[in-house]
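In order, the protein sequences belong to chains A and B. The first sequence begins at 1 in the working numbering and counts up one residue at a time. The second sequence begins at 1 in the working numbering and counts up one residue at a time.
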Amino acid sequence: MRRQQVDAAILLHGPNVTYATGFVPDAIDASHVNYRRAVAIVPATGTARLHSHSATSPGPALWPELDDGIPLVADAISEAIGDLDGKRIAVDSITGAMARADIFDGAELVDATRILGPARLCKTDDEIACIERAQIVNEWAMEVARSRCVPGARRSEVAGALLAEFRRLGSDHNEIDPIFQVMSRRRADGVLTDVGEVAFPTGIEDPAFAEGDLVWVDGGHGYEGYASDFGRTWIVGREPNPEEHDCFEQWKSIMAATIAAVRPGATLADVGRAATDANGGERPWLPHFYVGHAVGLDSAEMPMAGSDLGDEFDEGFVLAEGMILVLEPIVWRDGVASYRAEEIVVVTADGSRVLTSGPGYLPYEGPDDQLADP
Amino acid sequence: MLTAMAAADLDVLVLGRQDDANFATGMHRLWTAGTRPFGAGCIVVRSTGRAHVLSSWDAGLPSTMSTDDLYPATWNPRIMAGYMAGVPGLRDARRIGVDEVSPSFARAVARIAPDAEIVPADEVISSARRLKSPEEIELIRRACDFARAGVDAVLDDPRGGIARAIEAIAALGVTIPSSAPVFRALPDGYTIDIGVMVDGYEGGVGGRYETGRRLPTSDLPSACRVGATHGELAAASTGDWLVRGLGMGFERPVLNATLGFDEVLEEGMVLSVSDGEHRDIVAVTAAGPQVLSEPEGER
Numbered sequence: 001m002r003r004q005q006v007d008a009a010i011l012l013h014g015p016n017v018t019y020a021t022g023f024v025p026d027a028i029d030a031s032h033v034n035y036r037r038a039v040a041i042v043p044a045t046g047t048a049r050l051h052s053h054s055a056t057s058p059g060p061a062l063w064p065e066l067d068d069g070i071p072l073v074a075d076a077i078s079e080a081i082g083d084l085d086g087k088r089i090a091v092d093s094i095t096g097a098m099a100r101a102d103i104f105d106g107a108e109l110v111d112a113t114r115i116l117g118p119a120r121l122c123k124t125d126d127e128i129a130c131i132e133r134a135q136i137v138n139e140w141a142m143e144v145a146r147s148r149c150v151p152g153a154r155r156s157e158v159a160g161a162l163l164a165e166f167r168r169l170g171s172d173h174n175e176i177d178p179i180f181q182v183m184s185r186r187r188a189d190g191v192l193t194d195v196g197e198v199a200f201p202t203g204i205e206d207p208a209f210a211e212g213d214l215v216w217v218d219g220g221h222g223y224e225g226y227a228s229d230f231g232r233t234w235i236v237g238r239e240p241n242p243e244e245h246d247c248f249e250q251w252k253s254i255m256a257a258t259i260a261a262v263r264p265g266a267t268l269a270d271v272g273r274a275a276t277d278a279n280g281g282e283r284p285w286l287p288h289f290y291v292g293h294a295v296g297l298d299s300a301e302m303p304m305a306g307s308d309l310g311d312e313f314d315e316g317f318v319l320a321e322g323m324i325l326v327l328e329p330i331v332w333r334d335g336v337a338s339y340r341a342e343e344i345v346v347v348t349a350d351g352s353r354v355l356t357s358g359p360g361y362l363p364y365e366g367p368d369d370q371l372a373d374p
Numbered sequence: 001m002l003t004a005m006a007a008a009d010l011d012v013l014v015l016g017r018q019d020d021a022n023f024a025t026g027m028h029r030l031w032t033a034g035t036r037p038f039g040a041g042c043i044v045v046r047s048t049g050r051a052h053v054l055s056s057w058d059a060g061l062p063s064t065m066s067t068d069d070l071y072p073a074t075w076n077p078r079i080m081a082g083y084m085a086g087v088p089g090l091r092d093a094r095r096i097g098v099d100e101v102s103p104s105f106a107r108a109v110a111r112i113a114p115d116a117e118i119v120p121a122d123e124v125i126s127s128a129r130r131l132k133s134p135e136e137i138e139l140i141r142r143a144c145d146f147a148r149a150g151v152d153a154v155l156d157d158p159r160g161g162i163a164r165a166i167e168a169i170a171a172l173g174v175t176i177p178s179s180a181p182v183f184r185a186l187p188d189g190y191t192i193d194i195g196v197m198v199d200g201y202e203g204g205v206g207g208r209y210e211t212g213r214r215l216p217t218s219d220l221p222s223a224c225r226v227g228a229t230h231g232e233l234a235a236a237s238t239g240d241w242l243v244r245g246l247g248m249g250f251e252r253p254v255l256n257a258t259l260g261f262d263e264v265l266e267e268g269m270v271l272s273v274s275d276g277e278h279r280d281i282v283a284v285t286a287a288g289p290q291v292l293s294e295p296e297g298e299r
């Protein structure tokens, strides 16, 4: 805030509120959290004020969505930072009611991304520990879900098994309707994007699985608000055939080369190049996504490598200790098979570390300790 | 939506919220929890009568829309600005309504449509959503049935807790919560509250359960009559109370001890009615309140 010469930040976006106060809004439908907003008011000097709808909220619950909720919002702001006139205020969201009341009248508004973006880029040890814990729980629960992904089961049943297991493991913070998308073997047989690429994750259908289906899996829940990101490819009801296994082996070598490129001082372009080189010169990722993205309080945040921010951006962005990349290369052999999985990699002082309990890549390959014992 | 835009003198509507975009277009997409940073998820242009939706593919698109109505997802603000500039009718708009806004979005719009004024349009959308059609009421009733299936599963196996409700609702094909589920053991029973989203519409039920049945602990649902005022609802409540619109999620009106003093209930509203731990979903009809969260025979 000092660097941006901002006098205060007024935050309504859940992850920003969590970053400022530690309070984690419920992982529920957006319409509910939009009305029952948690609000953080953060003066540049002094302590952050939290207003949530939980019983333990230090400040009164606020309703910035509603015209008759605005007087209390205005009181809370003025109590925390005084008169706004002439002040430079960072905000992430302005509701209709806030705009109608001209609640920031006299202040210069800047986008809170300018402050939160840089602040959230490099994770502390605590933040990394939260992400790692979330990922380990995710990996465990996903193994339960995999055991339910059998011929005749529907996506919703497998998703239900995952969500129930999250609960049993003490997590109530699922962040996405879990994705178990059956991928066609031929690109042309599936849903395509505007540029004719594979559409994933569409997230809207509830098919019953059949033996031999290739299922791309993606799910994430959070710990203390910090997201995990589990990606794998499963085969329904049978072991992988040699061609499918070959696809996986190719993916593994791409993943290994990409992880090896993640270190302090490397650019995002270095990471993308390592993946592309390991894939014989072709970019092994979907053009509407990236080969890697960070997780933190948002499930996809900066930095991103190989995105449509472009080569110049990637060349200019240098990785530093504490940054995170969830790497998600894809191998697609049209008409044969595909493989996609994700690993969370954190940049350390001298290289990188994968945040995982090492569950392996079943049904292609078990955990390392099993492999060591034939 | 176009009629509402004309009445509010809006040339363009830019919707960032998923429920608003769903309402305006009938589009379905991947559900994620929590708030999202504001962005142009859906653009409705009055002069052309067209809705444009942020999506890289046509899966989930209603049959009334085509791939021509899509602009693909992008991480790049400059590319997004280009897509917006290419939406016919946006550049020369005078008044652009938004359901929320951020400083960076306002700046981007100022570059694309320099003559446009950005105005709040949350009221335009919430007015359009305020009264429910019979079809919508049936969708909400169905969503309540799903929530009740979750409650029944918890009552069947209380030790399994909320996980049992999640599995039971998932077995019916639904994996999206609306609100945070509640399950607490009491000396003589349980407090349970379950909310779900089914095909874009919300359902729910909550209360105190003893020997497998919900106790009738609140008179507030039966006070939800056409013309009911804040004072009448407050008088009928016995605990912490909240009466709020329910449809494609949490909606207006919102009444509780401190909000909504000027609101009057209207025929066609559907409300989530909470009084202490009791919660019913109630349709306000000419024939009186219709409780959608009770089983059909007991309504």
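Just so you know, even glycine gets a beta-carbon here, dropped at the ideal spot from N, CA and C.
Under the 8 Å criterion on CB atoms, residue 42 of chain A is classed as non-interfacial with respect to chain B.
The shortest C-alpha to C-alpha distance from residue 223 of chain A to any of A:274, A:298, A:269 is the one to A:298.
Below 8 Å, too few C-beta pairs join the stretch 40-48 of chain A and the stretch 181-198 of chain A to call them touching: fewer than three. Interface residue (Cβ-Cβ distance to chain B less than 8 Å): residue 103 of chain A is not classified as such.
Listed by position along chain A, the residues whose Cβ is nearer than 9 Å to that of residue 241 of chain B form an empty set, because the closest Cβ is around 14 Å away.
Closest in alpha carbon position to residue 91 of chain A, among A:138, A:115, A:320, is A:115. Taken in chain order, the members of the stretch 33-51 of chain B whose beta-carbon sits within less than 7 Å of a beta-carbon on chain A are 33, 34, 35, 36, 37, 38. Of all residues in the stretch 163-179 of chain A, the ones placed with a Cβ closer than 9 Å to any Cβ belonging to chain B are 163, 164, 165, 166, 167, 168, 172, 173, 174, 175, 176, 177, 178, 179, in chain order. The three-state secondary structure of residue 200 of chain A, taken from DSSP, is coil. Cβ-Cβ distances below 6 Å link residue 47 of chain B to 89 in the same chain, with the five nearest sequence neighbours on each side left out; the list follows chain order.
By the rule that beta-carbons nearer than 8 Å mark a contact, residue 56 of chain A does not touch chain B. Within the stretch 264-278 of chain A, contact with chain B at the beta-carbon level (separation under 7 Å) is assigned to no residue. Boundaries for residue 290 of chain A: no beta strand (DSSP E) harbours it, and the DSSP string shows neither H nor E there. Look at residue 15 of chain B here: in three-state DSSP terms it is strand. Contact between the stretch 142-156 of chain A and the stretch 109-128 of chain A is absent: fewer than three C-beta pairs spanning the two stretches fall below 8 Å. Proximity of the stretch 33-43 of chain B to the stretch 73-87 of chain B meets the contact definition, three or more beta-carbon pairs being nearer than 8 Å. Going by DSSP, residue 233 of chain A is part of the beta strand (DSSP E) stretching over 230-235. Annotated as distal: residue 222 of chain B and residue 275 of chain B, with beta-carbon spacing of 8 Å or more. Residue 142 of chain A sits close to residue 230 of chain A, with the two beta carbons spaced by under 8 Å. For residue 255 of chain B, the secondary structure class from DSSP, reduced to helix, strand or coil, is strand.
For residue 113 of chain A, the uninterrupted alpha helix (DSSP H) segment begins and ends at 113-121. With distances taken between CA atoms, residue 179 of chain B lies nearest to A:172 out of A:172, A:100, A:216, A:23. As DSSP reads the structure, residue 338 of chain A sits in a beta bridge with A:332. Listed in chain order, the non-local C-beta contacts of residue 293 of chain B below 6 Å within the same chain comprise 144, 205, 280, 281, local neighbours out to five positions each way being set aside.
In this structure, residue 37 of chain A sits near residue 65 of chain A, with a CB-CB distance shorter than 8 Å.
Distances from the CA of residue 255 of chain A to each of A:197, A:208, A:326, A:268 were compared; the closest alpha carbon is that of A:326. Identification of residues in the stretch 4-32 of chain B having a C-beta nearer than 8 Å to some C-beta of chain A yields 17, 18, 19, 28, 29, 30, 31, 32, given in sequence order.
For residue 160 of chain B, the closest alpha carbon among the candidates A:360, A:355, A:167 is that of A:167.
In terms of beta-carbon proximity, residue 288 of chain A lines the interface with chain B, with at least one pair separated by less than 8 Å. Its Cα nearest to that of residue 56 of chain A, the residue A:25 stands out among A:80, A:25, A:86, A:71. When the beta-carbon positions are compared, residue 219 of chain A and residue 138 of chain A come within less than 8 Å of each other. For residue 152 of chain B, none of the residues of chain A pass the 7 Å Cβ criterion, the least Cβ distance being about 15 Å. Around the beta carbon of residue 147 of chain B, a 10 Å sphere encloses 16 or more other beta carbons of the protein chains shown; the residue is thus reported as buried. Among the residues of the stretch 100-120 of chain B, those with a Cβ less than 7 Å away from any Cβ of chain A are 100, 101, 102, 103, 104, 120, in the order of the chain.
Here the alpha carbons of residue 124 of chain B and residue 233 of chain B stand approximately 26 Å from one another. The criterion of a C-beta distance shorter than 8 Å is not satisfied by residue 267 of chain A and residue 328 of chain A.
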